[in-house]
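Asks: Structure below; questions to follow.
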Amino acid sequence: MSEIADNVIFKKDSGEKINVLQKYVGLKARQGGILTVNFRTPNEDMDQIKHFFEGMKGSEALKYNIGETGDVDCYFKGVAPLLKQIDEAGFEYSFLSVTLQELKKDYDDDIPNGCSC
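Residue 50 in the UniProt record's numbering sits at position 50 of the sequence shown; the count goes up by one each step and never skips.
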């Protein structure tokens with residue numbers, strides 16, 4: 001049995017990609033296939049993440065892959081302003097929230113076959 005890797009990879013159609021440790025990524029699934037991706041990283045690690053997402057156009061296609069389990073197609077919806085915070089231990093970190101829309105795939109078995117049996 002293979003192990004799931006400890007990273008999340010985001011890839012643009014251009015081939016540009018970033019690889020982020022799972023411990024820095026939080027995912028929240030919302031209604032309608034909306035996915036909020038929250039990055040909470042040390043300040044020095046946030047520059048690469050911010051650079052990857054800034055300048056993306058709404059509805060630009062990209063993929064994400066959690067733990068090398070397979071690509072998931074989605075669209076970029078937007079990015080919230082970057083926040084810099086200090087936790088209770090005095091550790092400085094950055095927080096960035098990105099919203100994605102998962103692509104709905106139509107499967108043949110989702111279409112009624114016309115049989116009333």
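Quick reminder that beta carbons are idealized off the backbone N, C-alpha and C, glycines included.
If I'm right that residue 104 touches residue 33 with Cβ under 8 angstroms, what's the distance once you round it to whole angstroms?
Replies: Looking up residue 104 in the sequence shown gives position 104. Looking up residue 33 in the sequence shown gives position 33. Contact flag correct, Cβ pair sits at about 6 angstroms.
Asks: Indicate whether residue 102 and residue 79 have their beta-carbon atoms separated by less than 8 angstroms.
Replies: Residue 102 sits at position 102 when you count from the first residue of the sequence shown. Residue 79 sits at position 79 when you count from the first residue of the sequence shown. No. Outside cutoff.
Asks: Can you list, in chain order, the stretches of the beta strand (DSSP E) that have 3 or more residues and sit fully within the stretch 9–45?
Replies: Fully enclosed beta strand (DSSP E) runs of 3 or longer: 17–21, 25–29 and 34–42.
Asks: Per DSSP, what kind of secondary structure is residue 52 in: helix, strand or coil?
Replies: As a working note, residue 52 is residue 52 in the sequence shown. Residue 52 falls in the helix class under three-state DSSP.
Asks: I'd like to know if residue 92 contacts chain C, where contact means its C-beta is closer than 8 angstroms to some C-beta of that chain.
Replies: Reference to chain C is not applicable here, since this structure consists of a single protein chain.
Asks: Determine, using beta carbons only, whether residue 22 and residue 8 come nearer to each other than 8 angstroms.
Replies: Looking up residue 22 in the sequence shown gives position 22. Looking up residue 8 in the sequence shown gives position 8. The answer is yes: Cβ separation under 8 angstroms.
Asks: For residue 76 and residue 56, which I take to be in contact (beta-carbon distance under 8 angstroms), what is that distance rounded to the nearest angstrom?
Replies: What you label residue 76 is simply residue 76 of the sequence shown in a count that begins at 1. What you label residue 56 is simply residue 56 of the sequence shown in a count that begins at 1. About 5 angstroms separates the two Cβ atoms, so the contact holds.
Asks: Just grab the DSSP bridge partners of residue 76 for me.
Replies: Translated into positions along the sequence shown, residue 76 becomes position 76. Answer is 100, bridged to residue 76.
Asks: Which same chain residues, not among the five before or five after residue 36, have their C-beta less than 7 angstroms away from its C-beta?
Replies: Numbered from its first residue, the sequence shown carries residue 36 at position 36. Only 28, 30, 97 and 99 meet the Cβ criterion.
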